[in-house]
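Going down the list, the sequences are from chains F and E. Residue 70 in my numbering sits at position 71 of the first sequence; the count goes up by one each step and never skips. Residue 5 in my numbering sits at position 1 of the second sequence; the count goes up by one each step and never skips.
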Amino acid sequence: MIPASFDYIAAKSLDEAISLLATHKDDAKILAGGHSLLPAMKLRLMQPKVLIDLGRIKELSYIKEEAGQLRIGAMTTHFQVETSDLLRRVCPLLPETATQLGDMQVRNKGTIGGSVAHSDPAADWPAAILALDAEIVATSARGDRVIKATSFFVEMLTTALEPGEILREIRIPGGKGKSGQAYVKVRHPASGFAVVGVAVNLAADGGKCQSAGVGITGVSPKAYRAANVESGLKGNALDAKTLSAAAAHAADGVDINSDLYASAEYRKQLATVYTRRALEIAASRLK
Amino acid sequence: MKKTISVTVNGVTHQNEIEPRLLLVQYIRDVLNLTGTHVGCETSLCGACTVMVDGQAVKSCTMLAAQADGSTVTTIEGLAQGGELHPVQSGFWEHHGLQCGYCTPGMIMASAQILQRNPDPTDEEIRHGLEGNLCRCTGYQNIVQAVQCAAKKMKSKSVAR
C-alpha cells in the first residue's frame, strides 16, 4: 500500500508551516505523527498534493503549567503524555487515557495534536479532552483562536478548524480542589480503537458532587459530553445508586454507531455499563 | 519532487534520493537491502516492521522515509554488538519465542524498548508493551518467557559491570 504522489516539506518553524499552509491551501495536509494521516493516505482515502511536516518543530512538544492551566503542545507524543510526572500528579486522566491508546509503537510516534485534529470517532483523546473542559488553540496567519472542546468536534473526521489553521496547543483548566478522574474503554480487539471509551472528571466538596465532566467516544459519529449524566450527578452525593442512575443516560440524544463488531443496541448498553464503571472509579479516587 | 535524505542506519550513514511517498520500511528493505525488517499488515497493526528511530520503537510502515531524514535508525540487523547476540535475541533463542519467525524482528525490537524503559517488567507489563505486535503461531507464552529471560540477562550483565 503506497500513497499517491505528493510533495513533502519539513517546516522549520510554526510560522513557516502557517505560511506554507496559506500558500498551498486545500492541496496541503499537516503531518504530525502521521498515525492517522498516513494510513488514510495508503488506502488513498486522502490524496493531499503537499504534506507539511511539523515533526522538526521542537517548540511544539511540551507539557507545562502556565496561567493556571495545563498546556500541551500539539506535537507532544502519546508516550510523553503517558509518562509525564506533572500530568500524573495534577491530571492523571491524561496519562491513564494515553496508556490505553493504540500500542507502544503508536504511542511513541503519534501525537495528541494530530489525533485531536483528525477527530476519529473512535479515538481516545476526544473523550478526555471533553471531560476536562479543555480548550484548543488554533493558529493561522490571523493569529491564535481559542476553541472550546465542546464546539471543536463537529462531525466524524471534521473539526472546527478553519482553512489555514493549525492546531497548536491544548489547554486544560486547572482543577479547583480535589478531583477524581478515570478513563475506561472497550478496546476493539484488532484495531485497539475505542468501541466505547468513557472519560470522567469529578470534583466534590463535603460529599456532594460540585462538577462533573463526562466525555464519551466510540459511541457516536463524534465524541460528546454526556450532559444528562453530568446533571444527574451535580449537587448529589456520589453513592452507588446515584452513579448508576446517572450512567443510564450515557447515550441520551445521540446517534449511535453500528458496525460489524457492535450493533447500536449493544454499544448503547456498553456505554451505560462503562459510564457507570468510570464513574465508580473516579468517585473512589475522590477519597 | 524527489528529496535527498540522510539517515544513519545501524551506525552507517546513507544518503539517498527518494520519492516523498517512500515508506521507511521500503527504504530500509528495498533501498538499503536490510530485509530483516518485515512487512506484515501494512496498516500499523501487526508490528512486524518495528524499528528504532532515535531510540523510539516505531512501525516503519507508518512513517515516511522523509520523516527519518537526519535520524538514527536501528534495525534487527544492528542489535547484536561485536558478534554477540543482544540479550533479547538470545532470550528468544533459548525460550523458542517463535515458530515461523515472521513477527520475530518486530517482537525483538519492541521487547528491547520495553526492557530499556522497564528493566524488571511483570508478565502483564510485557504483554501490554507487546500489544502492537501480533504473532499468529506461538500464543505469546514463549515470547513473554523470552523477554523475562532477557531481563534477567541484562540485569546480571549490569551487575557484573
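Every residue gets a Cβ at the ideal spot worked out from N, C-alpha and C, and that includes glycine.
*asked:* Using CA atoms only, rank isn't needed, just tell me which of F:140, F:55, F:129 and F:0 is closest to residue 24 of chain F.
replied: F:140
_Runs of beta strand (DSSP E) lying entirely within the region 153–235 of chain F, each at least 3 residues, in chain order_ = 165–172, 178–186, 193–204 and 207–216
*asked:* Does the CB of residue 49 of chain E have a neighbour CB from chain F at under 9 angstroms?
replied: yes
*Closer than 9 angstroms, CB to CB, is residue 123 of chain E near chain F or not?*
no
_Cutoff 9 angstroms: residue 147 of chain E Cβ touching any chain F Cβ_ = no
*Straight-line CA distance for residue 145 of chain E to residue 101 of chain E?*
8 angstroms
*Closer than 9 angstroms to chain F by CB, residue 90 of chain E*: no
*According to DSSP, is residue 76 of chain F helix, strand or coil?*
strand
*Taking just the CA atoms, how far does residue 208 of chain F sit from residue 128 of chain F?*
20 angstroms
*Measure the beta-carbon distance from residue 41 of chain E to residue 91 of chain E and round it to whole angstroms, keeping in mind my assumption that it falls under 8 angstroms.*
Incorrect: roughly 20 angstroms between the Cβ atoms, too far for contact.
*Evaluate contact between the region 118–127 of chain E and the region 137–153 of chain E, counting only Cβ atoms and requiring at least three cross-stretch pairs below 8 angstroms.*
yes
*DSSP state of residue 10 of chain F, grouped into three classes?*
coil
_Three-state class that DSSP yields for residue 17 of chain E in the structure shown_ = strand
*What residues in its chain sit with their C-beta under 7 angstroms from that of residue 106 of chain F, if we drop five residues either side in the sequence?*
76, 77, 78, 81, 97 and 100
*For residue 22 of chain F and residue 24 of chain E, the rounded distance between their alpha carbons*: 19 angstroms
*Helix, strand or coil: how does DSSP classify residue 48 of chain F here?*
coil
*In the structure shown, what three-state DSSP assignment does residue 98 of chain F receive?*
coil
*CA-CA distance, residue 197 of chain F and residue 44 of chain F?*
28 angstroms
*Would you say residue 105 of chain F faces chain E, with C-beta separation under 9 angstroms as the test?*
yes
*Going by alpha carbons, who is nearest to residue 30 of chain F out of F:150, F:239, F:215 and F:108?*
F:108
*Based on Cα-Cα distance, which residue from E:48, E:113 and E:20 lies nearest to residue 69 of chain E?*
E:20
*Rounded to a whole number of angstroms, what is the C-alpha to C-alpha distance between residue 266 of chain F and residue 218 of chain F?*
6 angstroms
*Can you tell me which of F:13, F:152 and F:48 puts its alpha carbon nearest to the alpha carbon of residue 54 of chain F?*
F:13
*Report yes if the C-beta distance between residue 167 of chain F and residue 72 of chain F is below 9 angstroms; otherwise report no.*
yes
*Going straight from the alpha carbon of residue 10 of chain F to that of residue 59 of chain F, what length do you get?*
12 angstroms
*List the endpoints of the continuous beta strand (DSSP E) containing residue 78 of chain E.*
76–78
_Beta-carbon spacing of residue 248 of chain F, residue 234 of chain F below 9 angstroms_ = no
*Could you list which residues in chain E have their beta carbon closer than 8 angstroms to that of residue 38 of chain F, in chain order?*
47, 48 and 66
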